[in-house]
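**Student:**
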Amino acid sequence: MFDAIQAFLSGFLYDWLAILITLVIQAVVVILPIMLAVAWLTYAERKVIGYMQVRMGPNRVGPGGWLQPIADALKLMTKEVIFPHQSNKYLFIIAPVLSIAPAVAVWAVIPFSPDVVVADINAGILYVLAVSSILVYGTVIAGWASNSKYAFLGALRGSAQKISYEIAMGFALVTVLMIAGSMNLQDIVNGQQGGVWNWYLLPLLPMFVVYFLSGLAETNRTPFDIVEGEAEIVAGFHVEYSGMTFGVFMLAEYAMMILISFMTAIMFLGGWLSPFEGIPPLETLFAWVPAFGWLAFKVSFLLFVFIWLRATFPRYRYDQLMRLGWKVLIPVTIVWVFVVGAMKYFQFGPWFN
Amino acid sequence: MTFEQFIFYVLGALAIVSGLMVITVKNPVKAALWLVLAFIATAGVWIMAQAEFLGLVLILVYVGAVMVLFLFVVMMLDINLAQLKEGFTRYLPLGAMASVGILAMMYMVLGPDHFGLEVTGAPVQQSANFSNTKAIGVPLYTTHAYAFVLAAVLLLVGIVAAIALTLRRRPPREVLYQNIDQQVKTEKADRLTMVKMESVVEKELPEKEEESK
Numbered sequence: 013m014f015d016a017i018q019a020f021l022s023g024f025l026y027d028w029l030a031i032l033i034t035l036v037i038q039a040v041v042v043i044l045p046i047m048l049a050v051a052w053l054t055y056a057e058r059k060v061i062g063y064m065q066v067r068m069g070p071n072r073v074g075p076g077g078w079l080q081p082i083a084d085a086l087k088l089m090t091k092e093v094i095f096p097h098q099s100n101k102y103l104f105i106i107a108p109v110l111s112i113a114p115a116v117a118v119w120a121v122i123p124f125s126p127d128v129v130v131a132d133i134n135a136g137i138l139y140v141l142a143v144s145s146i147l148v149y150g151t152v153i154a155g156w157a158s159n160s161k162y163a164f165l166g167a168l169r170g171s172a173q174k175i176s177y178e179i180a181m182g183f184a185l186v187t188v189l190m191i192a193g194s195m196n197l198q199d200i201v202n203g204q205q206g207g208v209w210n211w212y213l214l215p216l217l218p219m220f221v222v223y224f225l226s227g228l229a230e231t232n233r234t235p236f237d238i239v240e241g242e243a244e245i246v247a248g249f250h251v252e253y254s255g256m257t258f259g260v261f262m263l264a265e266y267a268m269m270i271l272i273s274f275m276t277a278i279m280f281l282g283g284w285l286s287p288f289e290g291i292p293p294l295e296t297l298f299a300w301v302p303a304f305g306w307l308a309f310k311v312s313f314l315l316f317v318f319i320w321l322r323a324t325f326p327r328y329r330y331d332q333l334m335r336l337g338w339k340v341l342i343p344v345t346i347v348w349v350f351v352v353g354a355m356k357y358f359q360f361g362p363w364f365n
Numbered sequence: 359m360t361f362e363q364f365i366f367y368v369l370g371a372l373a374i375v376s377g378l379m380v381i382t383v384k385n386p387v388k389a390a391l392w393l394v395l396a397f398i399a400t401a402g403v404w405i406m407a408q409a410e411f412l413g414l415v416l417i418l419v420y421v422g423a424v425m426v427l428f429l430f431v432v433m434m435l436d437i438n439l440a441q442l443k444e445g446f447t448r449y450l451p452l453g454a455m456a457s458v459g460i461l462a463m464m465y466m467v468l469g470p471d472h473f474g475l476e477v478t479g480a481p482v483q484q485s486a487n488f489s490n491t492k493a494i495g496v497p498l499y500t501t502h503a504y505a506f507v508l509a510a511v512l513l514l515v516g517i518v519a520a521i522a523l524t525l526r527r528r529p530p531r532e533v534l535y536q537n538i539d540q541q542v543k544t545e546k547a548d549r550l551t552m553v554k555m556e557s558v559v560e561k562e563l564p565e566k567e568e569e570s571k
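Read top to bottom, the protein sequences are chains A and B. Residues are numbered in this note's numbering as their position in the first sequence, beginning at 1, plus a constant of 12. Residues are numbered in this note's numbering as their position in the second sequence, beginning at 1, plus a constant of 358.
Now the structure itself:
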C-alpha cells in the first residue's frame, strides 16, 4: 500500500521528497494508534487499580469516565511549562524529547500481523535493544538539566537501574534468537507455529520471567519505580517538569510499557499466532479471530499484569533492586544461555527441530 | 541527489559538527552529550554502508552503556573550568605539532593513494535478506576464533583488575553491611509479636445526654 503511495507521489515530486512523505505517512499510521492506546492505558490503569482497591476510579468525565484521558491531555497541554532557576534550558527541553523519540522509533520494526510492519529488517531484536537503550539519556539529562538535587538523585538511580537491567534483558533476547535462529521479529513469530507448546514460553520460561521483570525495571514500573520514589526523592528525575514536558515523560513510559508487552508477546507467547493451532475443534471454533486480535489479546493481558503488579507490590529498596538485577537475574540468564545451547545441540523437543 | 545520498550527507555533517563540538564546548557534560550524538551519526553512516550489525552494536554498547557511565563520572565531577584552560597557550605549540603529525599519518594511511573507489572498488550490493550478523559471526568464530577468545580474556582481565582495584574489605564495625539473605528469610515471627491483653471498655459517661443536645 505504501509502495503505491510512494509511486503515486514520485509521479509529480522529487524522488527523495516522495520517500520522505511516504515515511511520514507510515510514521503517523503507526504512532497515532499507539498514542491513543497510551491515553486509554492510563485510564485503564486508574480504573483497574481503583477496582482492586475497592474504589470507583475516574468516572466523572464522559460516560463512565471514558473521556478522562482527553481531559488529562488538555489539562497538561494548557499548563505552563516552568523552567527552574539556573537550569540548562536547551537540555531541559531536549530531555523529554530524548525519552519520547526512542520510545516511538522502536515501533518501526514491530510486526502487528503477518507482513504488517514498517521496516522488516534482519536485525529486528538488536534494533529494539539499541534504540531503547537511548532512553536512558532522557532520564539522565532531565535530572542533570533540572538543577535540582532530587531530580539528580532520581536520574542517577534511574540510569543505574536501567543499564543494569538492560544486561539481563539482552541475555534473555540472546536465548530467544538462539532458539529462533534469527533476529527478525517475523521469523521469530513464525518459528513458534503449532499451538501453545510450540511457543518459546516453555523452553524459555525463566527467560520469560526475567524479560518481563527487566521490562518492569526498564519502564520504571512498580515494584521497581525507585526512580520516582516519592517518599524519598519527591518524584525523581521529573520533579521540575510541569505541563506537557511532564506529559511527554509519561507518554514515553506508557509507550514503552506497551512496547515491552508487544515484545514479550512476540518472543515468548507466539505473537499473532492462535494458541489453539493443532487442536481440531478449538482451532476451527476460533478461526474467525484475526491475527492482530490474538496479538492484541496477549498484549492487553500483559498490560493488565503490569497494572496488577502495581496494585499488588510495594516498592523495592534500592540495594535489593540492584541485588536482584546483578546477583539473581543475570546469573540465571547466563546459565540459561548454556542450557539453550545444550538443548539446541541435542535437538530437544519440538522447538529445536 | 538520491534519498540515500541526502541521508548520508545529513549524517556525515552531523558527525563532523558534533565531533567538533566535543572538543570546543566548555562544559564537559555537554561535550559528552555531543560525543553521544557523534556516535549515533556514525552508527547511521555504518548502517547505510550495510553494516547494520556494527551500527546497532555501536549504539547499544557505546551510546547505551559506555557513555552513560562516562556521563555519570563527568556529572559528578566538580571541575573548575578556568583552571582547566590554564596553560593553553604554553602547550599550544606542542599540541599543534602533535596534531599536524597525526594529520600527516592519517593522510598517509587514508589518503587518496590508499583509499577511495579507484583503489578498493565499489562495495558489493547485497540483497535485502542478506544477514549481516551471520557474515560477521561466521569468520569471528571460525578463522579468527583465537583472536576473539584472546580479546574476551583481555576484557575479563580488565573486569578482574577493576574489581580488585576498588574492592576494599573493611571490618563490619566500620561499615554497616546488610545481610540480605537474612533479610529475605525473615518470617512473621521475627517481626511480629502477638500480645494478649484484656479489652478495655470505656465506662458510660453520665453527661452523654447533655452533649447530644
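The C-beta atom is built at its ideal place from N, Cα and C for all residues, glycine as well. Model, not experiment: these values are computed from the prediction.
(1) Which chain A residues are close to GLU410(B), counting only those with a beta carbon under 9 Å from its beta carbon?
(2) According to DSSP, which residues form a beta bridge with LEU111(A)?
(3) How is VAL511(B) classed by DSSP in three states: helix, strand or coil?
(4) Measuring alpha carbon to alpha carbon, tell me which of MET256(A), VAL186(A), TYR26(A) and VAL128(A) ends up nearest THR90(A).
(5) Just grab the DSSP bridge partners of SER125(A) for me.
(6) So TYR212(A) is in the alpha helix (DSSP H); what residue range does that whole segment cover?
(7) Using a Cβ cut-off of 8 Å, pull out every chain E residue sitting near ILE417(B), in sequence order please.
(8) Less than 7 Å between C-beta atoms, sequence neighbours within five positions excluded: which residues of the same chain meet that for GLU289(A)?
(9) By the 10 Å Cβ neighbour count, where 16 or more other Cβ atoms means buried, how is ASN537(B) classified, buried or exposed?
(10) Under the three-state reduction of DSSP, which class applies to VAL246(A): helix, strand or coil?
(11) Classify ARG233(A) as buried or exposed, calling it buried when 16 or more other Cβ atoms lie within 10 Å of its own Cβ.
(12) At what residues does the alpha helix (DSSP H) containing ILE82(A) begin and finish?
(13) When you check each C-beta in the stretch 327–347 of chain A against every C-beta of chain B, which residues fall closer than 8 Å?
(14) Does the stretch 294–310 of chain A come into contact with the stretch 262–270 of chain A, if we say contact requires no fewer than three beta-carbon pairs (one atom in each stretch) closer than 8 Å?
(15) Just by C-beta distance, which residues in the stretch 531–562 of chain B are closer than 7 Å to chain A?
(16) For GLY155(A), count neighbouring Cβ atoms within 10 angstroms of its own Cβ and tell me buried if that reaches 16, exposed if not.
(17) What are the residues of the stretch 227–238 of chain A that lie near chain B, defined by any Cβ-Cβ distance shorter than 8 Å?
(18) Give me the chain B residues within the contact set of MET195(A), using Cβ-Cβ distance strictly less than 7 Å, ordered along the chain.
(19) Give every residue of the same chain whose Cβ lies closer than 8 Å to the Cβ of GLY77(A), excluding the five residues on either side of it in the sequence, and list them in chain order.
(20) Excluding the five sequence neighbours on either side, which residues of its own chain have a C-beta within less than 7 Å of the C-beta of ILE17(A), listed in chain order?
(21) At least one CB of chain A closer than 8 Å to the CB of VAL394(B): is that the case?
(22) Between the alpha carbons of LEU147(A) and ILE417(B), how many angstroms are there, rounded?
(23) Inspect the beta-carbon positions of ASN159(A) and ASN490(B) and report whether they are closer than 8 Å.
(24) Taking any Cβ of chain B, which residues in the stretch 103–128 of chain A have a Cβ under 7 Å from it, in chain order?
(25) Determine the DSSP secondary structure at THR551(B), reduced to helix, strand or coil.
(26) Whose C-alpha, out of LEU307(A), PRO218(A), PRO108(A) and LEU213(A), is nearest the C-alpha of LEU271(A)?
(27) What does GLU244(A) touch in chain B if you count any residue whose Cβ is under 8 Å from its own?
(28) On the DSSP letters alone, give me the boundaries of the alpha helix (DSSP H) that GLN198(A) sits inside.
(29) If you draw a straight line from the C-alpha of ILE31(A) to the C-alpha of ALA19(A), how long is it?
(30) Can you check which of these residues, ALA407(B), MET455(B) and GLY422(B), is closest to LEU393(B) by C-alpha distance?
(31) Is ILE133(A) helix, strand or coil by DSSP?
(32) Just the chain B side, please: which residues come within less than 7 Å of GLU252(A) by C-beta, in chain order?
(33) Any beta-carbon of chain B closer than 8 Å to the one on ASP27(A)?
(34) Going by alpha carbons, who is nearest to VAL130(A) out of PHE313(A), LEU86(A), PHE249(A) and ALA39(A)?
(35) Got a sec: which bits of the stretch 290–322 of chain A sit with their beta carbon under 9 Å from any beta carbon on chain B, in order along the chain?
(36) Note the first and the last residue of the continuous alpha helix (DSSP H) segment covering MET464(B).
**Tutor:** Once the coordinates are examined:
(1) Residue mapping note: residue 410(B) aligns to position 52 of the second sequence, counting from 1. Near GLU410(B) (Cβ distances below 9 Å), the residues of chain A are ILE133, ASN134, ALA135, LEU138 and TYR139.
(2) The count along the first sequence starts at 1 and reaches residue 111(A) at position 99. In the sequence as presented, Leu is not what sits at residue 111(A); that position holds Ser. Beta-bridge pairing by DSSP links SER111(A) to no other residue.
(3) Within the second sequence, residue 511(B) is the residue found at index 153, counting from 1. Here VAL511(B) sits in helix by DSSP.
(4) By one-based count along the first sequence, residue 90(A) stands at place 78. The shortest C-alpha separation from THR90(A) is found at MET256(A).
(5) As a first step, residue 125(A) must be located in the first sequence, where it is residue number 113. Beta-bridge pairing links SER125(A) to VAL128(A).
(6) One-based indexing of the first sequence puts residue 212(A) at position 200. In this chain, TYR212(A) is not harboured by any alpha helix (DSSP H), its DSSP state being neither H nor E.
(7) Of the protein chains in this structure, namely A and B, none is chain E.
(8) In the first sequence, counting from the first residue as 1, residue 289(A) sits at position 277. Counting only Cβ-Cβ distances below 7 Å, and skipping sequence neighbours, we find GLN205, GLY206, GLY207 and GLU295.
(9) Indexing the second sequence from 1 puts residue 537(B) at position 179. Its Cβ having fewer than 16 others within 10 Å, ASN537(B) is exposed.
(10) Against the first sequence, residue 246(A) aligns to sequence position 234. It is coil, neither helix nor strand.
(11) Here residue 233(A) corresponds to residue number 221 of the first sequence, with the count starting at 1. ARG233(A) should be labelled buried.
(12) One-based indexing of the first sequence puts residue 82(A) at position 70. ILE82(A) -> alpha helix (DSSP H) spans 80–90.
(13) Listed in sequence order: ASP331, GLN332 and ARG335.
(14) Using a C-beta cut-off of 8 Å, the stretch 294–310 of chain A makes no contact with the stretch 262–270 of chain A, since fewer than three inter-stretch Cβ pairs fall below that distance.
(15) Along the stretch 531–562 of chain B, the positions whose C-beta sits under 7 Å from a C-beta of chain A are GLN536 and ILE538, read in chain order.
(16) Within the first sequence, numbered from 1, the residue matching residue 155(A) stands at position 143. Note on GLY155(A): 16 or more other CB atoms within 10 angstroms of its CB, so buried under the neighbour-count rule.
(17) Of all residues in the stretch 227–238 of chain A, none has a C-beta nearer than 8 Å to a C-beta of chain B.
(18) Counting from one through the first sequence, the residue named residue 195(A) turns up at place 183. By Cβ distance, chain B contributes THR491.
(19) Taking the first residue of the first sequence as position 1, residue 77(A) is located at position 65. Excluding residues within five positions, the ones whose Cβ falls inside 8 Å are TYR55, LYS59, GLY69, PRO70 and ASN71.
(20) The residue labelled residue 17(A) in the question sits at position 5 within the first sequence. Exclusion of the five residues before and after ILE17(A) leaves THR34 and ILE37 as the residues of its chain whose Cβ lies within less than 7 Å of its Cβ.
(21) On the second sequence, residue 394(B) is found 36 positions in, with the first residue counted as 1. By this cut-off, VAL394(B) is an interface position.
(22) Here residue 147(A) refers to the residue found at position 135 when the first sequence is read from its first residue. Here residue 417(B) refers to the residue found at position 59 when the second sequence is read from its first residue. For LEU147(A) and ILE417(B), the distance between alpha carbons rounds to 12 Å.
(23) For the purposes of this step, residue 159(A) is identified with residue 147 of the first sequence, where counting begins at 1. For the purposes of this step, residue 490(B) is identified with residue 132 of the second sequence, where counting begins at 1. In this structure, the beta-carbon distance from ASN159(A) to ASN490(B) does not fall below 8 Å.
(24) Cβ contacts with chain B: none found.
(25) Start at 1 with the first residue of the second sequence, and residue 551(B) comes out as number 193. Coil at THR551(B), not helix or strand.
(26) The sequence position of residue 271(A) within the first sequence is 259, counting from 1. Checked all of LEU307(A), PRO218(A), PRO108(A) and LEU213(A); the closest Cα to LEU271(A) is LEU307(A).
(27) Here residue 244(A) is taken as the residue at index 232 of the first sequence, counted from 1. At a C-beta separation below 8 Å, GLU244(A) has no neighbours in chain B, since its nearest C-beta there lies roughly 17 Å away.
(28) As a position in the first sequence, residue 198(A) is number 186, starting the count at 1. Boundaries of the alpha helix (DSSP H) harbouring GLN198(A): 197–202, taken from the DSSP string.
(29) Here residue 31(A) is taken as the residue at index 19 of the first sequence, counted from 1. Here residue 19(A) is taken as the residue at index 7 of the first sequence, counted from 1. Rounded to the nearest angstrom, the gap between the Cα atoms of ILE31(A) and ALA19(A) is 9 Å.
(30) For the purposes of this step, residue 393(B) is identified with residue 35 of the second sequence, where counting begins at 1. Ranking ALA407(B), MET455(B) and GLY422(B) by Cα distance to LEU393(B) puts GLY422(B) first.
(31) Counting from 1 along the first sequence, the entry for residue 133(A) is found at position 121. Here ILE133(A) carries a coil assignment [DSSP, helix/strand/coil].
(32) Here residue 252(A) refers to the residue found at position 240 of the first sequence. Neighbours of GLU252(A) on chain B: none; closest Cβ ~16 Å, over 7 Å.
(33) For the purposes of this step, residue 27(A) is identified with residue 15 of the first sequence, where counting begins at 1. ASP27(A) counts as touching chain B.
(34) The residue you call residue 130(A) lines up with position 118 of the first sequence. By alpha-carbon distance to VAL130(A), the top candidate from PHE313(A), LEU86(A), PHE249(A) and ALA39(A) is ALA39(A).
(35) Of all residues in the stretch 290–322 of chain A, none has a Cβ within less than 9 Å of some Cβ in chain B.
(36) If you number the second sequence from 1, residue 464(B) lands on position 106. From DSSP, the alpha helix (DSSP H) with MET464(B) extends over 446–468.
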